[in-house]
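Numbering (our numbering), first residue to last: 170 to 552.
Reading through the structure tokens given below for one structure.
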Amino acid sequence: METVKEPSAWAAEETGIEKRPCYILTPCGTSLLTNVAGEGERAAVIRNSNCPRREDIPPADLEILEQVIRRAGSALAGTGPAEAKHLSAELNGILSLLKGSRPPGSVFHQLLCTDTFLGRVTAEIVRDWLQGQGAFVDIRGQKDLQTADMASFQWALSDLTAWCSETVAGYLQSHHVVFNLTGGFKSVQGFLLTLSSFYAHEAVYIFEAGGLLRIPRLPVRMDAEAMVLEHLIFFRRAAGNLAARPEHGLAETMYLEMDGGYALSAWGELVWNQTRDDIYGREIYPSPSERLCYGPAFLKSVAGLPADRKRILNRRIDQLAAHLENGGRTEASPASLDFKPLRGRPCPPSTHEMDAWADKAAHRLFGHFEGAVFILDCLAEHL
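Given below as structure tokens:
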């Protein structure tokens, strides 16, 4: 990973929060509950913080917790910004960042909570207060985002990384993206601080003394292409949720092992998401599956494609490989793939077609089965 100087980008980002709509990702913990709880009640909150469902909490503790939840909701509902900052660490970070200078409708709040009973309830109370101020708010409950089971926690971080790549990254061009790390759990805060270098314009944190620390995005570039190219089949298969086994030489930090299988770790997801588009834009790579092969005319039909079409086609090949290994039934084909039999025999030996891309001049992929193996015959314009 290397640092790259980008003066013009820095100049734009310095005024981003004043000039552009704002997307604020805020991890939510249970500080709101512990702040209104008595000493004995606080112990019940901590003791049951990882319980997935209300039904999992012992009746005696549940009675205590429901009193705390009602108290927290009532306390926050009747307060203005100054009081809300003292009750909720999450709101303290949000309100200290915005300082009342932004119209509520110009800010989108994404609350990230653990997929537990108390995590969801606390996030809902914070959401209700923000919505009462006119803000747009969404809650994402992240499964296994707690450290009681470290293997599950690692899986949760991988899923969180993939979500940031697929969802949060899409806001970078249109919004000023901020990771508000004042609330939530320390294990999650540290990980999100790393992700903020790739998926946010800045991260913010409140010191106990009350000062707002703003950490600007470091202009970094992932320097891991050589490693990914050396182990490309593993990355492609693991990213597609297909059976994959890491080869000798791949750093153990790139993958997880559970129940005899392998998947990308949070760091593996990050590396893959940061390098995939550049790699995929260079050439059409060999199939990642033994169930999918290229016919003699296929590579000729894709020669000379521009980089953006190569990226799309490599991802479509990944999608087709996953579909074939999961049974290959036409009715189970993802809508974006649209894998289906051809009507008649308009271009033998092909018997099936699927979408390559639908924008610009729409193209389709054509192929046929030879036993259990699907052969890609060619790329051509839509018939």
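No residue lacks a Cβ here, since even glycine has one placed at the ideal position from N, Cα and C.
Taking a contact as a CB-CB distance under 8 Å, the pair asparagine 261 and isoleucine 375 counts as one, their CB atoms being some 6 Å apart. Under the DSSP definition of a beta bridge, aspartate 307 partners with Gln279. The C-beta distance from glutamate 416 to phenylalanine 403 rounds to 6 Å, short enough to fall under 8 Å. The shortest CA-to-CA distance from asparagine 219 to any of Ser321, Leu468, Arg512, Asn349 is the one to Ser321. Within a 10 Å sphere around the beta-carbon of methionine 427 sit fewer than 16 other beta-carbons, which makes this residue exposed. Approximately 6 Å separates the beta-carbon atoms of alanine 213 and leucine 234; this is inside 8 Å, confirming the contact. For cysteine 462, the enclosing beta strand (DSSP E) has its first and last residue at 461-463. Along the segment 377-449, the alpha helix (DSSP H) occurs as fully enclosed runs of 4 or more residues at 394-399, 401-408, 435-449, listed in sequence order. Counted as a single uninterrupted DSSP element, the stretch harbouring isoleucine 453 is not any beta strand (DSSP E), since DSSP gives it neither H nor E. Measuring C-alpha to C-alpha distances from valine 397 to each of Asp318, Tyr454, Lys188 identifies Tyr454 as the nearest. Ranked by Cα distance from aspartate 446, the options Ser275, Arg480, Val205 are led by Arg480. Selection Asp524, Cys462, Leu493, Gly352 evaluated against leucine 256 yields Gly352 as nearest (Cα-Cα). Just so you know, the alpha carbons of phenylalanine 535 and histidine 551 end up roughly 10 Å apart.
Histidine 521 is bridged by DSSP to Pro510, Gly536. Residue pairing of proline 221 in beta bridges, as defined by DSSP: absent, with no partner found.
In this structure, the straight-line span from the alpha carbon of asparagine 349 to that of glycine 359 is close to 12 Å. In the three-state reduction of the DSSP assignment, leucine 314 falls in the coil class.
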